[in-house]
Every structure is written in structure tokens, then in C-alpha cells.
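I have placed the structure first, in the form of C-alpha cells, so that the comments after it can refer back to it.
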Amino acid sequence: MADIVDTRTDAQAALARAAETLGRGVPVAIPTETVYGLAADATNPQAITRIYEMKGRPRFNPLICHMADLAMAEKHAVFDPLSRRIAEAFWPGPLTLILPIRPESAIHPLVRAGLDTVGIRVPSGIASRLISTFGHPLAAPSANTSGRISPTSAHHVAEDFGDKLELVLDGGPATVGLESTILKVEGETIRLLRPGGLDAADVERVIGRPVLRNDKAGATIEAPGMMASHYAPDAPVRLDASDVRPGEVLIRFGGKALAGEDSAALVLDLSPSGDLAEAATNLFGYMKQADATGARSIAFSPIPATGLGEAINDRLQRAAAPRG
Ligand code: TXA
Ligand code: MG
Numbered sequence: 021m022a023d024i025v026d027t028r029t030d031a032q033a034a035l036a037r038a039a040e041t042l043g044r045g046v047p048v049a050i051p052t053e054t055v056y057g058l059a060a061d062a063t064n065p066q067a068i069t070r071i072y073e074m075k076g077r078p079r080f081n082p083l084i085c086h087m088a089d090l091a092m093a094e095k096h097a098v099f100d101p102l103s104r105r106i107a108e109a110f111w112p113g114p115l116t117l118i119l120p121i122r123p124e125s126a127i128h129p130l131v132r133a134g135l136d137t138v139g140i141r142v143p144s145g146i147a148s149r150l151i152s153t154f155g156h157p158l159a160a161p162s163a164n165t166s167g168r169i170s171p172t173s174a175h176h177v178a179e180d181f182g183d184k185l186e187l188v189l190d191g192g193p194a195t196v197g198l199e200s201t202i203l204k205v206e207g208e209t210i211r212l213l214r215p216g217g218l219d220a221a222d223v224e225r226v227i228g229r230p231v232l233r234n235d236k237a238g239a240t241i242e243a244p245g246m247m248a249s250h251y252a253p254d255a256p257v258r259l260d261a262s263d264v265r266p267g268e269v270l271i272r273f274g275g276k277a278l279a280g281e282d283s284a285a286l287v288l289d290l291s292p293s294g295d296l297a298e299a300a301t302n303l304f305g306y307m308k309q310a311d312a313t314g315a316r317s318i319a320f321s322p323i324p325a326t327g328l329g330e331a332i333n334d335r336l337q338r339a340a341a342p343r344g
């Protein structure tokens, strides 16, 4: 089992240990505000290969590169004025921008799965301090076996990887709880490649331009990792439930009781007060809790599709999609 080192007790010691491990080309799981990431030196091909192997991730699915700040990001990618405005407004935060790679960037092509673009994010908190300490960008997909739910706690990560992982930095529960929103600027157009922890409506409000949603075909081409079945718990998922069947787990929203709750295996409420940000924070942990009961299925009551509800409903669709 991986060593779990708490960054809240002695941040300096945790950062030093993580930087030493990364320096040996060994991946380290790290907390970010969205979900935990499996991080490795983005300039070291052996380290990147280990990430793909540990996750069982197809090599055609590129990794997000994490930078300490916008200045570091500008050394590796070309920012058009609109992308720069978005970065200045929302970094550090739950936002990834897809940008053309600079030819002189030391980011290894394996990170980009051979594409001429790179996905870049500036996370907040301890992750950003680690990148500064280490000195290289960190490639980091979510720290879960490919196809499974992204981890929102150090404990989830350690459980998933077992002996395959050396070190997890523990920064407490992820505050956002959903993966980053992925945007790509094309000319004057802002395209949403993945709804996530940054509400696309906030981007529209601050930047003063619409954010275009992808059709299904476009999504497959642009964000190669966005398969229909993804983020899946073990138990089958039933959406828009209006009642609960005996032995099911119910994950509901807004304090609204459903018929049949008395014979449910477990009833969880993503946000009794109907707060979508709170629901996002709880979503993945509750799916894992539901699985832990061994229930035969998980029923979800409807969740509004506004604000962060867009990303929540995206993840629920994927959790419920036929398994490949
Ligand atoms: O919040 C997050 O984004 C977390 C934390 C750890 O930062 N990371 C994460 O990474 O969710 P991952 O690997 O699970 O998802 C990355 C997504 C994939 O769908 C991938 O295809 C897409 O980003 N992506 C990465 N680079 C890309 C590129 N150059 N062009 C298009 N899509 C890209
Ligand atoms: Mg992932």
C-alpha cells in the first residue's frame, strides 16, 4: 500500500519527499481542488509511460499538464489573446485550456499522445507549490484506474492502486469534486470540450462571449478521453428515478424524499439544501459509498441541469452508459 503523507501537518517535508520521488521518475498522487491526480514529470518519457501503465489508460488519450502559474504555462504553449484573458480570470482553478504546443517545449510528446496541442491547467494550493518546488510541469490525469470514478480523497487513491503506488500526498477532501472544465479557443470561438468544476456560465459572464457546446462527434475527435462509458461505479446506475426499488441505493438531491425509501439499502442526499456546488463535491464519494454496500443498483433522482448541474449530469450520463 502507498505511503499517505499529510500535507497539512508538515507541508515542507511532504513537498520534499514528493519532489524526490518525482525526480526518480516515479509517479506521485497529489491533491488538487478538482480531484486527486496521478502526477509525473512531464518531460520524462519513462515517468509518463508509468502513468499510462498504472492507470491502464490507452496511449491515444492525452494527459493534462499542470503548471505553477501562467508565466510557466506561456513557456510551453502559445496563448492567443482570448485564451490569455480566460487564463488570467480563472487560474488557478478548475479550468484546463487546450493550446498549441511551443516547438521548444520540453513536454514529452507522449503526454500529448502525439497531438500538436497540449491541455494545461494551473491548480491551486499544494499542487502549485509542488510544481514550483519540483521545477518541471507535472502531467497528471485523475488518480484512478482508467474508466473508474475519479478520486476525491487520498484514501480512494491508495485503495485503487494498492502496491502499484509509492506515495500519496493527502490534502484532505477535494473541494470542487469534479474534474476541470476543458475549453479550447478557436479564432473568436470558445468551445466546451468537457463540462467540469468551473461553471461555463461563469466564463460567459466574465469574458462576455458564448461558450459553444460540442456535438457528440466533435467531442470524440477533440477530447479523445471522453468515451460514453466512463466514471462508472461497479453497480448499474438508474437515472431520473421517481421511486426506489427494494435493495437499491438512492442518491437524491434537494432533500426531496422518494417513494420506496423505506426498503432502500441506503439513502444519500447530494445536497439537502439544493446547492449544486455541494452536490458536485459529494458526487464521486457518494458513488463509492453506494458501491461499498454491494447494492444491486444505484438510483439517482433528477438533478437540475443549470450551473454545475451541467457537469454533474454529464458524469451521471457516463456512469449510466452501457459498459464497453
Ligand atoms: O481536474 C482535472 O482535470 C484532473 C486533475 C487531476 O487535474 N485531471 C483529469 O485528467 O481529469 P484526465 O486525464 O482524467 O482527463 C483529461 C482529459 C481527457 O479527456 C483528455 O482526452 C483531455 O483531457 N485532453 C488532454 N489533452 C488534450 C488535448 N491536447 N486535446 C484534447 N483533449 C485533451
Ligand atoms: Mg480521468
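Residue numbers for the sequence shown follow the numbering used here, beginning at 21 and rising by one.
Where a beta carbon is used, it is the ideal one built from N, C-alpha and C, also for glycine.
>> Taking the alpha helix (DSSP H) that Pro-120 belongs to, which residues open and close that run?
In response: Taking the first residue of the sequence shown as 1, we reach residue 120 at position 100. It is not in any alpha helix (DSSP H) - Pro-120 instead sits in the beta strand (DSSP E) that spans 115–120.
> Assuming Thr-313 and Leu-336 make a contact with CB atoms under 8 Å, what is their CB distance in whole Å?
Replying inline: If you number the sequence shown from 1, residue 313 lands on position 293. If you number the sequence shown from 1, residue 336 lands on position 316. That belief does not hold up - the Cβ atoms of Thr-313 and Leu-336 are roughly 19 Å apart, past 8 Å.
> Going by DSSP, which residues form a beta bridge with Arg-258?
Replying inline: Within the sequence shown, residue 258 is the residue found at index 238, counting from 1. Bridge partners of Arg-258: Ala-319.
>> DSSP has Leu-286 in a bridge; who is on the other side?
In response: Here residue 286 refers to the residue found at position 266 when the sequence shown is read from its first residue. According to DSSP, which records beta bridges pairwise, Leu-286 is partnered with Val-269.
>> Suppose the cutoff is 6 Å on Cβ atoms and the five residues either side in sequence are ignored; what does the same chain contact list for Ala-340 look like?
In response: As a working mapping, residue 340 is identified with position 320 in the sequence shown. Within the same chain, Ala-340 has close Cβ partners Val-257 and Leu-259.
> Can you give the beta carbon distance from Glu-268 to Ile-318, rounded, assuming they're within the 8 Å contact cut?
Replying inline: Along the sequence shown, one-based indexing puts residue 268 at 248. Along the sequence shown, one-based indexing puts residue 318 at 298. Going by Cβ atoms, the distance from Glu-268 to Ile-318 rounds to 7 Å, so yes, they are a contact pair.
> Fully enclosed by the segment 22–81, which beta strand (DSSP E) runs are 3 residues long or longer?
Replying inline: 23–26, 48–50 and 57–61
>> Could you check whether the segment 161–174 touches the segment 108–125, counting it as contact only if at least three pairs of C-beta atoms, one from each stretch, sit closer than 8 Å?
In response: no
>> Please state the DSSP three-state secondary structure of Ile-332.
In response: The count along the sequence shown starts at 1 and reaches residue 332 at position 312. Looking at Ile-332 - three-state DSSP - the assignment turns out to be helix.
> Who are the near neighbours of Pro-193 in its chain, counting only those whose CB is closer than 8 Å to its CB and skipping five residues on each side?
Replying inline: Your numbering for residue 193 matches position 173 in the sequence shown. Thr-172, Ser-173, Thr-301 and Gly-305.
>> Whole angstroms are fine: how far does the CA of Ile-210 sit from the CA of Pro-120?
In response: Locating residue 120 in the sequence shown gives position 100, counting from the first residue. Locating residue 210 in the sequence shown gives position 190, counting from the first residue. The straight-line gap from Cα to Cα measures roughly 15 Å.
>> Is Ala-160 near the ligand TXA - that is, is its Cβ less than 7 Å away from at least one heavy atom of it?
In response: As a working mapping, residue 160 is identified with position 140 in the sequence shown. Result yes, Cβ under 7 Å from the ligand TXA.
>> Quick check: Ile-118 and Leu-213, are their CB atoms within less than 8 Å of each other?
In response: Residue mapping note: residue 118 aligns to position 98 of the sequence shown, counting from 1. Residue mapping note: residue 213 aligns to position 193 of the sequence shown, counting from 1. In contact: Ile-118 and Leu-213 (Cβ atoms closer than 8 Å).
>> Any heavy atom of the ligand TXA inside 7 Å of the beta-carbon of Pro-324?
In response: In the sequence shown, counting from the first residue as 1, residue 324 sits at position 304. Result no, Cβ not under 7 Å from the ligand TXA.
>> If we require 3 or more residues per run, which beta strand (DSSP E) segments fall completely within the segment 129–206?
In response: 137–141, 187–190 and 201–206
>> Please classify Arg-77 as buried or exposed, where buried requires at least 16 other C-beta atoms within 10 Å of its C-beta.
In response: Locating residue 77 in the sequence shown gives position 57, counting from the first residue. Buried.
> If we call anything under 8 Å between Cβ atoms a contact, is Ile-68 one with Val-131?
Replying inline: Along the sequence shown, one-based indexing puts residue 68 at 48. Along the sequence shown, one-based indexing puts residue 131 at 111. Going by C-beta atoms, Ile-68 is nearer than 8 Å to Val-131.
>> Alpha carbons only, please: which of Glu-179, Ala-163 and Val-138 is nearest the one belonging to Pro-82?
In response: Taking the sequence shown and counting its residues from 1, the one referred to as residue 82 is at position 62. Checked all of Glu-179, Ala-163 and Val-138; the closest Cα to Pro-82 is Val-138.
> In this structure, what does DSSP give as the bridge partners for Ile-210?
Replying inline: Against the sequence shown, residue 210 aligns to sequence position 190. Note: Ile-210 sits in a beta bridge opposite Val-205 and Val-231.
>> Does the beta-carbon of Gly-192, which I'm using as the reference point, lie nearer than 7 Å to any heavy atom of the ligand TXA?
In response: Against the sequence shown, residue 192 aligns to sequence position 172. Answer for Gly-192: no, Cβ out of range of the ligand TXA.
>> For a test of the three-state rule: what should DSSP assign to Gly-238, helix, strand or coil?
In response: Mapped onto the sequence shown, residue 238 falls at position 218. Its pLDDT being 45, under 50, Gly-238 is placed unreliably in this model, and the value from its coordinates should be taken loosely. Three-state DSSP puts Gly-238 in a helix.
> Roughly how many angstroms lie between the CA atoms of Gly-329 and Ile-323, to the nearest whole one?
Replying inline: As a first step, residue 329 is located in the sequence shown; it is residue number 309 there, counting from the start. As a first step, residue 323 is located in the sequence shown; it is residue number 303 there, counting from the start. Gly-329 and Ile-323: Cα-Cα distance of roughly 7 Å.
>> From the DSSP secondary-structure annotation, give me the bridge partner or partners of Ile-84.
In response: Your numbering for residue 84 matches position 64 in the sequence shown. Paired residue(s): Gly-139.
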